[in-house]
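These notes are about the structure you will find just below.
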Amino acid sequence: MFTTTLGEAAQLAGRRFVRVALLPSLVFCSLLVLVAALAGEPTLNSLLRAWKSQPVEMKALLVGAFLSAVLLVAAFLDSTQFALLRWAEGYWGRIADRSLGRLGRRCHRLRLLRSADGAVHHLYPPRSRLHEVRPTRLGNILKAAELYPGLRYGIDAVLVWPRLFQVLPEGLAGALSTARAELSALLARAVLSCAFAVLGAGCVALRHGSTVLLLTCLWGGVLSAWASYRGALNAAAVYGQHVRVAFDLHRMDLLEALGEERPRDPDAERDRWKRICLFWHRGIPLRHEAPPPENPRTAPDLPVAPTGRGISLTQVSLAAALTAGLLGVLTPYV
Numbered sequence: 001m002f003t004t005t006l007g008e009a010a011q012l013a014g015r016r017f018v019r020v021a022l023l024p025s026l027v028f029c030s031l032l033v034l035v036a037a038l039a040g041e042p043t044l045n046s047l048l049r050a051w052k053s054q055p056v057e058m059k060a061l062l063v064g065a066f067l068s069a070v071l072l073v074a075a076f077l078d079s080t081q082f083a084l085l086r087w088a089e090g091y092w093g094r095i096a097d098r099s100l101g102r103l104g105r106r107c108h109r110l111r112l113l114r115s116a117d118g119a120v121h122h123l124y125p126p127r128s129r130l131h132e133v134r135p136t137r138l139g140n141i142l143k144a145a146e147l148y149p150g151l152r153y154g155i156d157a158v159l160v161w162p163r164l165f166q167v168l169p170e171g172l173a174g175a176l177s178t179a180r181a182e183l184s185a186l187l188a189r190a191v192l193s194c195a196f197a198v199l200g201a202g203c204v205a206l207r208h209g210s211t212v213l214l215l216t217c218l219w220g221g222v223l224s225a226w227a228s229y230r231g232a233l234n235a236a237a238v239y240g241q242h243v244r245v246a247f248d249l250h251r252m253d254l255l256e257a258l259g260e261e262r263p264r265d266p267d268a269e270r271d272r273w274k275r276i277c278l279f280w281h282r283g284i285p286l287r288h289e290a291p292p293p294e295n296p297r298t299a300p301d302l303p304v305a306p307t308g309r310g311i312s313l314t315q316v317s318l319a320a321a322l323t324a325g326l327l328g329v330l331t332p333y334v
């Protein structure tokens, strides 16, 4: 079973790498090479003739360099998925956050305040959490999904989500993985489209290519990046909805896996999740032992003498024997 699970995980990781990193890198490198070649050659026929005239060794070298470039770009995209997502959410450096970040948060707060009640509940944090608004639309969509468990059930989503994901059924876990991979793939396409617009237009300008090719690279890359980012917004909304469903339907399964009883009412559930999150975050024990009572009762074994010195059993026996002997001596004279 363990080897089967590892095999399935490897296949899933391989499919995700191909979809998120390898295919976008292959298209990006192919288009960039084509633009660089067309910038020097006026037509495709002349470009094909120049390729055929090359020796076999040169062709093999060029193909190897092209494949190496594709793999390097794919490895870079795969290793920067988390950083790319954080950047798209609006977690920038200090300088950018104080300028563009402040402007973006102000615009999105105004849009949230001007919107109708409940119209953008899945696109923005609630109005009571204006300080949580992010400077980008993608960041606000994911922030709204992150705050949902805390507002409804008192759950810290950052702490609970890695544990909850392990008890999800295969169908929902697969849907979450697919939505997450789609989001990463669209963000990767947006980044590569921007890079193609800059590098392609720069290459054409350096090689004194046609103006039409330069404008095609520039505007084609910009439009492709815009379309990819719009698709990433939809993918983020779908992913956020799956996260809400996971907390709504399977949070009790996590409690059972932890050996906890089902809460009786919503207030008890919120208190239970608060204690669990404090245990995971700060190590505060879940259950506290009851302190001993202030006035404990003692078992009434033997009466305690009022003085500081007690009477032993030997002394009692000796006194009884002396009393019996004295009575025996005095009885004939009474």
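Note that the UniProt record's numbering has the sequence shown beginning at 1, numbered continuously upward. Even for Gly, the Cβ is constructed at its ideal location relative to N, Cα and C.
Task: Span of the alpha helix (DSSP H) around H281 - done: Taken as a continuous stretch (DSSP letters only), the alpha helix (DSSP H) holding H281 covers 266-282.
TODO: Confirm, please, whether the CB-CB distance from K143 to P126 is below 8 Å.
DONE: no
Task: Segment limits, alpha helix (DSSP H) that includes V238 - done: 211-257
TODO: Kindly indicate which three-state DSSP category Y91 falls into: helix, strand or coil?
DONE: coil
Open item on the list: On the DSSP letters alone, give me the boundaries of the alpha helix (DSSP H) that residue 337 sits inside.
Closed with: Given a span of 1 to 334 for the chain in the structure shown, any question on residue 337 remains unanswerable.
Task: Exposure label - T211; buried when at least 16 CB within 10 Å - done: exposed
TODO: Leaving aside the five residues before and after A145 along the sequence, list all residues of the same chain whose C-beta is less than 7 Å from its C-beta, in chain order.
DONE: Hits under 7 Å: G240, V243, R244.
TODO: Identify whether E132 lies in helix, strand or coil by the three-state DSSP scheme.
DONE: When DSSP states are grouped into helix, strand and coil, E132 belongs to the helix group.
Open item on the list: Please report the distance separating the alpha-carbon of R297 from that of P285.
Closed with: At R297, the pLDDT of 46 sits below 50, so the modelled position is not reliable and the matter cannot be decided from this model.
- [ ] Tell me where the alpha helix (DSSP H) around E182 begins and ends.
- [x] 170-206
- [ ] Would you mind reading off the limits of the alpha helix (DSSP H) that contains E146?
- [x] 137-153
- [ ] Identify whether L103 lies in helix, strand or coil by the three-state DSSP scheme.
- [x] helix
Open item on the list: Quick check on R282: buried or exposed, where buried means 16 or more other Cβ atoms within 10 Å of its Cβ?
Closed with: exposed
Task: Where Q81 sits in the DSSP three-state scheme - done: Reduced to three states, the DSSP call for Q81 is helix.
Task: Integer Cβ distance of P149 from F247, believed to fall under 8 Å - done: 4 Å
Open item on the list: Quick check on P162: does DSSP put it in helix, strand or coil?
Closed with: In this structure, P162 counts as helix in the three-state DSSP scheme.
Task: C-alpha gap between A236 and R86, whole angstroms - done: Spanning the alpha carbons of A236 and R86 requires a straight line of approximately 13 Å.
TODO: Say yes only if the C-beta of E182 is nearer than 7 Å to one or more non-hydrogen atoms of the ligand NAP, and no if none qualify.
DONE: In terms of ligand content, the structure shown is empty, and the ligand NAP therefore cannot be addressed.
Open item on the list: In whole angstroms, give me the CA-to-CA distance for R207 and A21.
Closed with: 29 Å
TODO: Check R262 in the structure and name its three-state DSSP category.
DONE: Of the three classes helix, strand and coil, the one that applies to R262 here is coil, per DSSP.
Open item on the list: Is the separation between the beta-carbon of A197 and that of G221 shorter than 8 Å?
Closed with: yes
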